[in-house]
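A.B. asks: One structure, as structure tokens, below. Some questions next.
Numbering (UniProt numbering), first residue to last: 1 to 195.
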């Protein structure tokens with residue numbers, strides 16, 4: 001019985017009790033964004049050649065962030081694109097989707113930035129010239145992994161008054177929800193007496 005109490009207390013202390021789950025873990029948007037801020041600015045200078053026009057452009061990604069809204073996670077960043085010669089510059093936002101998956105086999109919450117693209121294009125002599133499309137998700141291959149809310153043990157022996165022990169199997173049903181500014185991963189615990 002002590003073992004069962006320790007398991008239940010550990011699950012409760014490890015997460016916040018959630019209405020749809022017996023135990024849960026919450027990852028706040030601000031925590032994920034602290035990691036992205038630690039990555040810092042990402043920039044690259046590249047050459048281009050379109051017909052007789054040759055040159056270099058530079059792009060700079062700043063302020064990367066994850067936005068969590070009910071049922072959805074998205075990546076946003078501020079991008080500045082500069083043409084070296086002639087000197088042209090503009091800013092554009094970059095948007096992309098983020099996948100959030102709980103892998104019950106490895107007991108990990110995986111958060112991965114998917115395609116985040118922006119277009120490099122300039123207007124020269126009244127004509128719009130598209131140079132490239134840049135997918136910056138490859139520079140933000142974060143693929144966070146966090147431990148999920150699984151019980152510490154799969155079977156607990158409960159002492160009976162006659163001195164025997166009754167094994168109880170503990171199984172989980174994972175529950176994942178993306179809410180406003182947080183990801184909640186929980187487990188519904190299912191207790192089954194073993195014979």
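Using N, Cα and C, we set each Cβ at its ideal position, and we do this for glycine too.
#1: Is residue 150 buried or exposed, if buried means 16 or more other CB atoms sit within 10 Å of its CB?
#2: Taking Cβ positions, are residue 79 and residue 92 nearer each other than 7 Å?
#3: Give me, in chain order, the residues of the same chain whose beta-carbon lies closer than 7 Å to that of residue 63; leave out the 5 immediate sequence neighbours on both sides.
#4: Nearest-angstrom Cα distance between residue 50 and residue 121?
#5: Three-state secondary structure (DSSP) at residue 108?
#6: What distance in whole Å lies between the Cβ atoms of residue 37 and residue 60, which are believed to be in contact at a cut-off of 8 Å?
#7: How many Å lie between residue 124 and residue 110 at the Cα?
#8: May I ask you to list the residues that DSSP assigns as paired with residue 76?
#9: Classify residue 71: buried if its beta carbon has 16 or more other beta carbons within 10 angstroms, exposed otherwise.
C.D. replies: Result, derived from the coordinates:
#1: buried
#2: yes
#3: 77, 78
#4: 12 Å
#5: strand
#6: With a Cβ gap of about 15 Å, residue 60 and residue 37 do not count as contacting.
#7: 44 Å
#8: 65, 95
#9: exposed
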